Every structure is written in C-alpha cells, then in structure tokens.
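Residue numbers (my numbering): 119 to 283.
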Amino acid sequence: MGQILDRFHGKEWKKKQVKLITDRVYDRICNQTGRPTLTFDDLYIAVLLVFNDINKHLPGPHFDPPSKEHILDIMKECDINLDGGLDREEFAKFIQKLTAETFVVISQGLLLTLVVAPTLAMATKRATEGVPHVGKVVQKVPNSIFASLVTLAVVWIQQSQQEAL
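Structure representation (structure tokens):
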C-alpha cells in the first residue's frame, strides 16, 4: 500500500525511481569497466539497462531505447567538464533528460487508473439502477468496493493489453 501512496507524490516518486535505477546501473557499469566515468560505449549499454529496468518495474507500455545519435547528442549536453565521459552526477542528469517523456506517459497511465476508473465506476453504478435484477445487486454493493473492483478490472485490462504486445 505504501508503494501506491508513494506514487501520489508525483515528482518526488519519479526522482526516487530514477535515482534508484541510475545508481544501480552506474555502479554496475563502473564496477565492470573499472573506470569512474562512462564512455559512449558504456553509456549506450547503461541506457539499454535503464530502459530494461523501466520496462520491468514501472507501469505503462513498453518503451524502446533511443537511437545512438540521440544518446550522443544528450551526452554532449550533459558532459559538463568535457572529458568525454559522464560521472555519476552527469549520468543522473543525462538519464533525467532521456527519460522525461517516458515518465509523462507513465503518469498519464496512473492518472487513468487512479482517477478516471473510479469515476467511470460511479457512473456505471448509477446507470445500472434501472436494469432489472442487475441494478438491485449493484446498488447493494458499497461505492468504495464497486469503485475498487472496476479499478482492478481496468488495471487487469491494461496489463493484459501490454502482455499481448
């Protein structure tokens, strides 16, 4: 439940998730190469790992990693000390720029699930009032439980569609 409530914090939740992913990936690549900075080749591998983690751990559709040219352009912007590599701080800024659009899509999916689905549930409940037999059963279900069931159904449908792709 705490994870769900963390998502309501918006930007803080996003920053926390990006920080966890970037630190894990940065440490992994630097430990393998033995260098304190990431070169372009290391950076490309790191980007693939980051997008793999995003696709595994965050809700939403599958996100393809950007092209090598796009990565090189953002790398040049983030390489503040112009040494041809990115240190931990530069890498964090790089990933934030690279994943900004991805988190917008994830946020929109959360909005749909957490706001639109319960609203739809209440509208559906009101619409069933005139339906014989079904209306009586639906009206006996408390609003909170009915909204939760419809929200779970929406989440299940979203996940089924993602797995089908």
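Ideal Cβ placement from N, Cα and C applies to all residues, glycine included.
Small disclaimer: the values here were computed from a predicted structure and weren't measured.
Item	Value
Residue from T157, Q150, K134, N199 with nearest C-alpha to I189	T157
Beta-carbon proximity list for D197, same chain, < 8 Å, skipping 5 on both sides	G203, L204, E208
Alpha-carbon to alpha-carbon, I172 and A218	12 Å
Alpha carbon of Q121 to alpha carbon of K174, nearest angstrom	Note that Q121 has pLDDT 49, beneath the 50 cutoff, so the model's placement of it is unreliable and the number below is only indicative. So the two alpha carbons sit approximately 16 Å from each other.
Where L284 falls: helix, strand or coil (DSSP)	A question about residue 284 goes unanswered here, because the residues of the chain that appear run from 119 up to 283.
Start-to-end residues for the alpha helix (DSSP H) that takes in V249	Run containing V249: none; DSSP gives neither H nor E here.
Residues near M193 by beta carbon distance below 8 Å, same chain, minus five either side	F158, L161, L204, F212
Exposure of L216, with buried meaning 16 or more beta-carbon neighbours within 10 Å	buried
F264 to I147 span [Cα, whole Å]	47 Å
For L156: DSSP bridge partner residues	L204
Pairwise C-alpha distance: N199 and I139	24 Å
For V272 and A245, believed in contact at Cβ under 8 Å, the rounded distance	Not confirmed; about 17 Å, so no contact.
Exposure of A241, with buried meaning 16 or more beta-carbon neighbours within 10 Å	exposed
Coarse secondary structure for F264, derived from DSSP in three states	helix
Close-in-space but distant-in-sequence residues of the same chain around K186 (CB under 7 Å, 5 per side omitted)	Y162
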